[in-house]
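Here's the structure we're looking at; comments come further down.
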Amino acid sequence: MTTPDVPTLLDDMAEQARHYLKTHGIAAPIVVGIHSGGVWIAEHLRERLGVERPLGKLDISFYRDDFSRIGMHPQVRPSELPEDLDGEHVLLVDDVLYSGRTIRAALNELFDYGRPASVTLAVLVERDGRELPIAAAIVGAHMELGKTEQIKLRGPEPLRLERVTIDPEDLKA
14 MTTPDVPTLL DDMAEQARHY LKTHGIAAPI VVGIHSGGVW IAEHLRERLG VERPLGKLDI
74 SFYRDDFSRI GMHPQVRPSE LPEDLDGEHV LLVDDVLYSG RTIRAALNEL FDYGRPASVT
134 LAVLVERDGR ELPIAAAIVG AHMELGKTEQ IKLRGPEPLR LERVTIDPED LKA
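If you want it as structure tokens, here you go:
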């Protein structure tokens, strides 16, 4: 199976997002990307949608449920949200939705910045393997991968998806 073309997926996501936002009466969402691939996707999606509000960026490192096990991540960045989220509609963007744990951490952090009216999840790739009941409203591609496969977004320019095989021994750690 070949990996999908990212610009085509972004065009499809923008069309889905336009329809979703119109259907739900959302005129000007705050677009927030999760570092780092989600930020890359969010920038492109925000541009395609013509959203003028500044882009928000989340680094969920301190919100991860495995933080105490894995320790400090070497590239922790501060989160940047353009304004108070109280009553705002947020379009939360990530590159790959897998277990759902990254999104859970992102939601925890978002709510530390206020209580949004709604949060809509958009992901470039949704793959099998969910561990939490989290679903995206806007999805570029659905992929089924083997237990030793991952899909990685490479970038920032050009953006491309890469299928990666991991060593089964790494799964035991």
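Heads up, the sequence shown is in this note's numbering, so the first residue is 14 and it goes up one at a time.
In this text, a Cβ means the ideal position worked out from N, Cα and C, and glycines have one as well.
- For the stretch 94 to 161, the continuous alpha helix (DSSP H) assignments of 4+ residues that do not extend past its boundaries occur at 114 to 125, in sequence order.
- Excluding the 5 residues flanking it on each side, Val132 has same chain C-beta neighbours closer than 7 Å at Val103, Leu105, Leu120, Leu123, in chain order.
- Boundaries of the beta strand (DSSP E) harbouring Val45: 43 to 47, taken from the DSSP string.
- Here the alpha carbons of Arg117 and Leu145 stand approximately 8 Å from one another.
- When secondary structure is reduced to three states using DSSP, Val177 falls in the strand class.
- In the structure shown, the three-state DSSP call for Gly51 is helix.
- For Leu22, the enclosing alpha helix (DSSP H) has its first and last residue at 19 to 36.
- The beta-bridge partner set that DSSP reports for Gly69 consists of Val45.
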